[in-house]
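Participant:
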Amino acid sequence: MSPSKIHYEAPRVAAKPGETVVTSTCAHNCGGRCAVNAHVRDGRIVKISTDPRRWTPEMPPLHACVRGFGQLERVNHPDRLMHPLRRTGPRGSGQFQRVSWDDALDEVAREMRRIRDTYGPAAILDCSRTGSLSTLHGRGVSQRFINMFGGCTELWSNLSAEAEIFAVKQTYGAKAEYKSAGREPIDYVNSRLIVMWGWSPGDGTFGTGTMKQAVAPMGECRNDFDICTELARRLGIAGYNDKTEDEWLRELTGGVIDDFDTFRERGLARLPAPDDAVAFAREIRDPERHPFSTPSGKIEIYSMTLAARPDPYGLGAIPPIPMWIEDEIDARYPLRLVTPKSRARTHSIHDNQPILSRADADEVWINTADAAARGIVDGQRVRVFNARGTTHLPARVTDRIAPGVVSIKEGAWFTPDAAGADTRGCANVLIADRTSPAGAAPFNSCFVDIAPALP
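Position one of the sequence shown corresponds to residue 1285 (the working numbering), numbered consecutively onward.
Here it is as structure tokens:
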């Protein structure tokens, strides 16, 4: 592979007689850089495969994880919505009736116009943050549509990384992009120490991939761009979609891809590293001409911005230099809860896939000594609780977790019983719903206790 050229690859096996193999990827908020090949027979996806090549340091393959293989179950899932529905009962009642696309689009357009004309565009909230996250079919198409309609209210901050973004800007300056605060992945090999804060060393996939359509839409399904185009037409928004899909894709990838036809045919582009893969190379090597965008022009351990304005959002003062915050201890709840990721989910996505869920069971891990003190045995159904809520799930008794600590994987769907207690290990019912003074949702201590489930 040339270090200065884009390398186009076709990471798939040859198709068998009677089938086609289409290279795609995952786009469900996990990063989506793995090769996911759809094997299509008679217009239906019958198998998922991944990059078949063996690993080499010069050309590491882009192997999919179990969630990539779980796309087969997701596409063909019986819960998948195949046509528009209109809610007919109270929110949360699950009462819907099937309607036509014309009726659904007419109603949405009518309500959008009524709300804007009555209350102004700020009364419309854009919550498009998850689901399909591709370049053409994803959040960008809804943002373009809503902005051309007159604007909206956006969700403030970054749910995933606002704490990191805030800290980067206080340390490196207001103009610093938080993702630029580390080296390029290609330069990892030159590091003597890598601090992996919140991500897995098993994720070694970096590149750009296509999401070529493998099968026709199922039922009456439509993509995001088609839906927004139809709404724009009903609302009289001229110029919203004035290109073909091919023209849009060529424009959106033009700054990165130099041979779109080859890219589309092969499915994967491995991008070269930038000329200088060191974070903040200009500022470090020539600080006089390229100072950091902090008040001092330097990297600030002591934030002069926070010293001048310690409460930027009205949520509480933040010290200009990090200080340890003592936990609020409650003797009733002596166990510290941690919430790692699940291999079978991307946050909450995929939680309704029973086959995929076998890859990483939802259990509460508890140390052997802590379990013995509570009369809990491995596999027993238990309740995890504190003053905020209760959830139920099986116990995993193990010495692989420290005493005083328990672990529940994040992302399980809230499934309450008649009394309102969760029955499927939803950790959110236990965690405080509060914003930090930085306007973020950073990690904080959460204390719980565990007991055998009530009969």
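Virtual Cβ for every residue (Gly too), placed ideally from N, Cα, C. Quantities reported herein were computed from a predicted structural model and do not represent experimental measurements.
Please go through the same chain and pick out, in chain order, the residues whose beta-carbon is closer than 7 Å to the beta-carbon of residue 1579, but skip the five residues on each side of it.
Facilitator: Position 295 of the sequence shown, counting from 1, holds the residue named residue 1579. Only 1588 and 1589 meet the Cβ criterion.
Participant: Are residue 1337 and residue 1345 close, meaning C-beta to C-beta below 8 Å?
Facilitator: Within the sequence shown, the letter at position 53 stands for residue 1337. Within the sequence shown, the letter at position 61 stands for residue 1345. Yes, the Cβ-Cβ distance between residue 1337 and residue 1345 is below 8 Å.
Participant: Quick check on DSSP: helix, strand or coil for residue 1630?
Facilitator: Your numbering for residue 1630 matches position 346 in the sequence shown. Reduced to three states, the DSSP call for residue 1630 is strand.
Participant: With hydrogens ignored, establish whether the beta-carbon of residue 1643 is closer than 7 Å to any heavy atom of the ligand PLP.
Facilitator: With respect to the ligand PLP, the structure shown offers nothing to examine, as it has no ligands at all.
Participant: According to DSSP, which residues form a beta bridge with residue 1649?
Facilitator: Counting from 1 along the sequence shown, the entry for residue 1649 is found at position 365. DSSP output for residue 1649 lists 1680 and 1691 as bridge partner(s).
Participant: Residue 1549 to residue 1331, Cα distance in whole Å?
Facilitator: Reading the sequence shown from its first residue, position 265 is the one you call residue 1549. Reading the sequence shown from its first residue, position 47 is the one you call residue 1331. Their backbone Cα atoms lie some 20 Å apart in a straight line.
Participant: Threshold first: 4 residues or longer. Then list the alpha helix (DSSP H) segments lying entirely within the segment 1469–1555, N to C.
Facilitator: Here the runs fully enclosed are 1508–1518, 1529–1537 and 1544–1550.
Participant: Are the CB atoms of residue 1577 and residue 1460 nearer to each other than 8 Å?
Facilitator: Working through the sequence shown from its first residue, we reach residue 1577 at position 293. Working through the sequence shown from its first residue, we reach residue 1460 at position 176. Yes. Within cutoff.
Participant: What is the residue span of the alpha helix (DSSP H) that residue 1593 lies within?
Facilitator: Residue numbering aside, residue 1593 sits at position 309 when the sequence shown is read from its first letter. Run containing residue 1593: none; DSSP gives neither H nor E here.
Participant: Give the straight-line distance between the Cα atoms of residue 1685 and residue 1650, rounded to the nearest whole angstrom.
Facilitator: Looking up residue 1685 in the sequence shown gives position 401. Looking up residue 1650 in the sequence shown gives position 366. One C-alpha to the other measures close to 7 Å.
Participant: Is the CB-CB distance between residue 1666 and residue 1732 below 8 Å?
Facilitator: Here residue 1666 is taken as the residue at index 382 of the sequence shown, counted from 1. Here residue 1732 is taken as the residue at index 448 of the sequence shown, counted from 1. No, Cβ-Cβ distance for residue 1666 and residue 1732 is not below 8 Å.
Participant: Can you give me the start and stop residues for the alpha helix (DSSP H) that residue 1586 sits inside?
Facilitator: Taking the first residue of the sequence shown as 1, we reach residue 1586 at position 302. It is not in any alpha helix (DSSP H) - residue 1586 carries neither H nor E in the DSSP assignment.
Participant: Using CA atoms only, rank isn't needed, just tell me which of 1720, 1377, 1535 and 1534 is closest to residue 1598.
Facilitator: Counting from one through the sequence shown, the residue named residue 1598 turns up at place 314. With distances taken between Cα atoms, residue 1598 lies closest to 1720.
Participant: Determine, using beta carbons only, whether residue 1334 and residue 1347 come nearer to each other than 8 Å.
Facilitator: Translated into positions along the sequence shown, residue 1334 becomes position 50. Translated into positions along the sequence shown, residue 1347 becomes position 63. Their beta carbons are under 8 Å apart, which means residue 1334 touches residue 1347 by this criterion.
Participant: In angstroms with no decimal places, state the Cα-to-Cα distance between residue 1388 and residue 1396.
Facilitator: Residue numbering aside, residue 1388 sits at position 104 when the sequence shown is read from its first letter. Residue numbering aside, residue 1396 sits at position 112 when the sequence shown is read from its first letter. Their Cα atoms are separated by approximately 12 Å.
Participant: What is the DSSP secondary structure of residue 1381, reduced to helix, strand or coil?
Facilitator: The sequence position of residue 1381 within the sequence shown is 97, counting from 1. Correct three-state label for residue 1381: strand.
Participant: Any idea what DSSP makes of residue 1577, helix, strand or coil?
Facilitator: The residue labelled residue 1577 in the question sits at position 293 within the sequence shown. Note: residue 1577 maps to strand in three-state DSSP.
Participant: Mapping DSSP to helix, strand and coil, what is residue 1357?
Facilitator: Taking the first residue of the sequence shown as 1, we reach residue 1357 at position 73. In this structure, residue 1357 counts as helix in the three-state DSSP scheme.
Participant: For the beta strand (DSSP E) containing residue 1307, list its first residue and its last residue.
Facilitator: Numbered from 1 along the sequence shown, position 23 holds the residue referred to as residue 1307. Looking at the DSSP string, the run of the beta strand (DSSP E) that includes residue 1307 is 1304–1308.
Participant: Could you give the DSSP three-state label for residue 1330: helix, strand or coil?
Facilitator: Against the sequence shown, residue 1330 aligns to sequence position 46. Note: residue 1330 maps to strand in three-state DSSP.
Participant: According to DSSP, is residue 1293 part of a helix, a strand, or is it coil?
Facilitator: Along the sequence shown, read from residue 1 onward, the residue named residue 1293 stands at position 9. Residue state, collapsed to three classes: strand.
Participant: Which residue marks the beginning of the beta strand (DSSP E) containing residue 1736, and which one marks its end?
Facilitator: For the purposes of this step, residue 1736 is taken as the residue at position 452 of the sequence shown. That run of the beta strand (DSSP E) goes 1731–1736.
Participant: Once the 5 residues before and after residue 1681 are set aside, which same chain residues still bring their CB inside 7 Å of it?
Facilitator: The residue you call residue 1681 lines up with position 397 of the sequence shown. So the list reads 1650, 1652, 1655, 1660, 1661 and 1662, once near-sequence residues are dropped.
Participant: Between which two residues does the alpha helix (DSSP H) carrying residue 1661 extend?
Facilitator: Against the sequence shown, residue 1661 aligns to sequence position 377. It is not in any alpha helix (DSSP H) - residue 1661 carries neither H nor E in the DSSP assignment.
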